[in-house]
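Heads up, the thing below is written out as structure tokens.
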Amino acid sequence: MGQIRYLTAGESHGEMLIGILEGMPAGLSLVADRDIDPILRERQKGHGRGRRQKIEHDAARIVSGVRNGVTTGAPIALLIQNKDWEHWRERMPILPTDVELLPVTIPRPGHSDLAGWMKYGHADLRNIFERASARETAMRVAVGAIASTMLKVLGFESACYVSAIGGIVAEAETTDEVLDAREIFRASPVRMLNRSIEEKVIAKIDEAKANGDTLGGTVECVVRNIPPGLGSHVHWDRKLDGVLSQAIMSIQAVKAVEIGAGMHAARSFGSQVHDSIGIREGRIVRGSNNAGGIEGGMSNGEPIVIRAHMKPISTLMQPLQSVDLATGKETEAHIERSDVCAVPALAVIVEQVVALTLASELLETFGGDTLSELKERVAIRRTALRVGTK
Ligand code: EPS
Numbered sequence: 401m402g403q404i405r406y407l408t409a410g411e412s413h414g415e416m417l418i419g420i421l422e423g424m425p426a427g428l429s430l431v432a433d434r435d436i437d438p439i440l441r442e443r444q445k446g447h448g449r450g451r452r453q454k455i456e457h458d459a460a461r462i463v464s465g466v467r468n469g470v471t472t473g474a475p476i477a478l479l480i481q482n483k484d485w486e487h488w489r490e491r492m493p494i495l496p497t498d499v500e501l502l503p504v505t506i507p508r509p510g511h512s513d514l515a516g517w518m519k520y521g522h523a524d525l526r527n528i529f530e531r532a533s534a535r536e537t538a539m540r541v542a543v544g545a546i547a548s549t550m551l552k553v554l555g556f557e558s559a560c561y562v563s564a565i566g567g568i569v570a571e572a573e574t575t576d577e578v579l580d581a582r583e584i585f586r587a588s589p590v591r592m593l594n595r596s597i598e599e600k601v602i603a604k605i606d607e608a609k610a611n612g613d614t615l616g617g618t619v620e621c622v623v624r625n626i627p628p629g630l631g632s633h634v635h636w637d638r639k640l641d642g643v644l645s646q647a648i649m650s651i652q653a654v655k656a657v658e659i660g661a662g663m664h665a666a667r668s669f670g671s672q673v674h675d676s677i678g679i680r681e682g683r684i685v686r687g688s689n690n691a692g693g694i695e696g697g698m699s700n701g702e703p704i705v706i707r708a709h710m711k712p713i714s715t716l717m718q719p720l721q722s723v724d725l726a727t728g729k730e731t732e733a734h735i736e737r738s739d740v741c742a743v744p745a746l747a748v749i750v751e752q753v754v755a756l757t758l759a760s761e762l763l764e765t766f767g768g769d770t771l772s773e774l775k776e777r778v779a780i781r782r783t784a785l786r787v788g789t790k
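Under our numbering, the residue at position 232 of the sequence shown is numbered 632, and the numbers go up by one with no gaps.
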């Protein structure tokens with residue numbers, strides 16, 4: 401368990417999303433429209449997003465924990481208004497109502513609908529999926545952007561791009577390539593590195609849309625300048641790779657996580673996988689980074705490389721077979737406005753979720769009530785690791 405805790409609340413078509421971030425040190429300069437809102441806007445982009453993103457203009461309002469543009473060390477509370485609530489306020493009432501709520505009773509295969517019904521028995525599946533919706537990730541991104549702001553001050557650099565959509569793959573060769581190409585993929589409608597395949601990917605998303613279908617894909621996140629020693633080898637629940645994977649697996653529609661060489665490592669000889677250790681000017685250097693920056697559950701100073709694989713979105717305009725839970729009869733699944741492809745949004749979400757985890761682990765390892773204390777301690781760790789001195 402790291403030192404940062406956060407909670408989100410809110411339904412996709414409720415009045416607002418709410419977040420509370422606890423454990424940030426005092427002394428961080430933080431202004432929502434400079435540090436959070438540009439990242440929220442990035443999450444809304446991408447070819448294949450639905451009409452909802454034309455309605456929303458996500459912006460965070462900080463309501464506590466910051467004074468005069470600087471964190472105080474108190475919990476930071478945030479609000480994001482759902483503009484679409486205007487259209488839903490009658491059907492998403494907090495108070496008892498006489499308005500007909502038009503219950504949804506036919507679960508969508510792949511969504512939370514059926515498992516949530518089995519768990520809660522709600523007669524209206526909307527009571528499940530309004531909260532399960534990936535709309536919640538808007539607040540996770542807002543909270544993560546605060547962690548990112550702190551990590552940037554401490555010299556961390558991160559980027560996350562889309563390496564595959566619908567089976568069309570374009571992976572970076574090196575970590576530096578990803579970080580250097582940030583402006584390129586941010587400008588891409590599919591957040592990919594290779595502009596030459598962009599058209600092919602866009603055509604595939606359009607084909608899915610025309611067929612009432614959806615597409616998933618893969619994103620790759622890299623983070624550079626991480627001090628060694630985050631996480632721990634001593635307990636299962638303190639291992640950095642375990643903690644990162646849990647955080648990423650908790651993002652809606654993510655079905656697999658890989659670190660470094662990931663699945664490829666399982667198919668290769670050890671001599672092809674493990675990263676040789678060398679020395680240059682008194683400093684440890686590695687021959688490769690197949691470990692993805694983590695060995696023995698600890699950061700080893702190399703860039704962290706982590707991939708998340710997303711299933712296709714489960715609301716299909718050409719629905720699969722399902723069962724009406726009210727009548728017990730087989731029929732077509734419920735249709736709800738949704739996205740065709742949200743993999744570019746996932747890239748933004750993963751980068752911020754990784755930042756939250758790293759910030760939390762950083763504070764666990766180095767402590768620090770104030771940002772200046774934390775900065776000093778991180779600097780000592782970064783410079784202390786010289787070898788060959790005797
Ligand atoms: C989302 C907003 C939602 C969905 C999407 C995420 O908007 P609406 O339901 O009003 O169209 O587009 O939710 C899902 C993919 C899901 O599985 O529920 C957003 O802002 O990210």
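Where a beta carbon is used, it is the ideal one built from N, C-alpha and C, also for glycine.
(1) Measuring CB to CB, does leucine 774 end up less than 7 Å from proline 475?
(2) Rounded to the nearest angstrom, what separates serine 632 and methionine 698 at their Cα positions?
(3) According to DSSP, which residues form a beta bridge with lysine 729?
(4) Is the region 435-447 touching the region 536-546, taking contact as three or more C-beta pairs under 8 Å?
(5) Between Ala726, Lys454, Ile651 and Gly555, which has its C-alpha nearest serine 512's C-alpha?
(6) Between which two residues does the beta strand (DSSP E) harbouring glycine 678 extend?
(7) For leucine 554, which residues of its own chain have a beta-carbon under 6 Å away from its beta-carbon, when the five flanking residues on both sides are left out?
(8) Could you round the C-beta distance between leucine 593 and glutamate 557 to whole angstroms and report it? I think they count as a contact, below 8 Å.
(9) Suppose only complete runs of 3+ residues qualify. What are the beta strand (DSSP E) ranges in the region 689-762, listed by chain order?
(10) Considering only heavy atoms of the ligand SAM, does any lie closer than 6 Å to the CB of isoleucine 713?
(11) Using only CA atoms, which one of Gly687, Gly682, Ala656 and Arg683 lies nearest to serine 671?
(12) What would DSSP say about alanine 570, mapped onto helix, strand or coil?
(13) Please determine whether the Cβ atom of arginine 452 lies at a distance below 6 Å from any heavy atom of the ligand EPS.
(14) Can you grab the Cα-Cα spacing for the pair arginine 707 / serine 596, in whole Å?
(15) Just the Cα atoms here: how many angstroms apart are leucine 615 and valine 562?
(16) Return the first residue and the last residue of the beta strand (DSSP E) that serine 650 is part of.
(17) When the distance is taken between beta carbons, is cysteine 560 closer than 7 Å to glutamate 751?
(18) With a cut-off of 8 Å, do at least 3 Cβ pairs link the region 579-589 to the region 644-662?
(19) With respect to 6 Å, is the separation between the Cβ of serine 650 and the closest non-hydrogen atom of the ligand EPS below this value?
(20) Out of Pro628, Gly617 and Ile506, which has the shortest C-alpha to C-alpha gap to alanine 656?
(21) Report the rounded CA-to-CA distance for valine 470 versus isoleucine 462, giving the unit in angstroms.
(22) Give me the Cα-Cα distance between alanine 747 and cysteine 621, rounded to the nearest whole angstrom.
(23) Measuring straight from C-alpha to C-alpha, what distance separates glycine 473 and alanine 759?
(24) Restricting to runs no shorter than 4 residues, where is the alpha helix (DSSP H) found entirely within the region 444-479?
(25) Just checking alanine 559 against the ligand EPS - is the residue's beta carbon closer than 6 Å to any of the ligand's heavy atoms?
From the atom records:
(1) With contacts defined by Cβ atoms closer than 7 Å, leucine 774 and proline 475 do not form a contacting pair.
(2) Between the alpha carbons of serine 632 and methionine 698 lies a gap of roughly 5 Å.
(3) In the DSSP output, where bridge partners are listed per residue, lysine 729 has Asp724.
(4) Segments in contact, yes.
(5) For the residues Ala726, Lys454, Ile651 and Gly555, the minimum Cα distance to serine 512 belongs to Ile651.
(6) Its beta strand (DSSP E) spans residues 677-680.
(7) Same-chain partners within the cutoff: Val778.
(8) By a beta-carbon distance limit of 8 Å, leucine 593 does not contact glutamate 557. Their separation comes to about 17 Å.
(9) Those beta strand (DSSP E) runs which fall completely within the region 689-762 and span 3+ residues are 704-710, 721-724 and 729-732.
(10) As for the ligand SAM, it is missing from this structure, which binds only the ligand EPS.
(11) When C-alpha distances from serine 671 are compared across Gly687, Gly682, Ala656 and Arg683, the shortest belongs to Gly687.
(12) DSSP places alanine 570 in coil when its eight states are reduced to three.
(13) True, at least one ligand heavy atom lies under 6 Å from that Cβ.
(14) The alpha-carbon atoms of arginine 707 and serine 596 are separated by roughly 22 Å.
(15) Put simply, the backbone Cα of leucine 615 is about 13 Å away from that of valine 562.
(16) Counting along the chain, serine 650 falls outside any beta strand (DSSP E), and DSSP gives it neither H nor E.
(17) A Cβ-Cβ contact shorter than 7 Å links glutamate 751 with cysteine 560.
(18) Contact fails: fewer than three Cβ-Cβ distances are below 8 Å.
(19) Serine 650: no, Cβ never under 6 Å from the ligand EPS.
(20) Considering only alpha carbons, the answer is Gly617.
(21) Whole-angstrom Cα-Cα distance: 11 Å.
(22) Approximately 7 Å, taken between the alpha carbons.
(23) Answer to the nearest angstrom: the Cα atoms are 14 Å apart.
(24) The region 444-479 contains these whole alpha helix (DSSP H) runs: 452-455.
(25) False, no ligand heavy atom lies under 6 Å from that Cβ.
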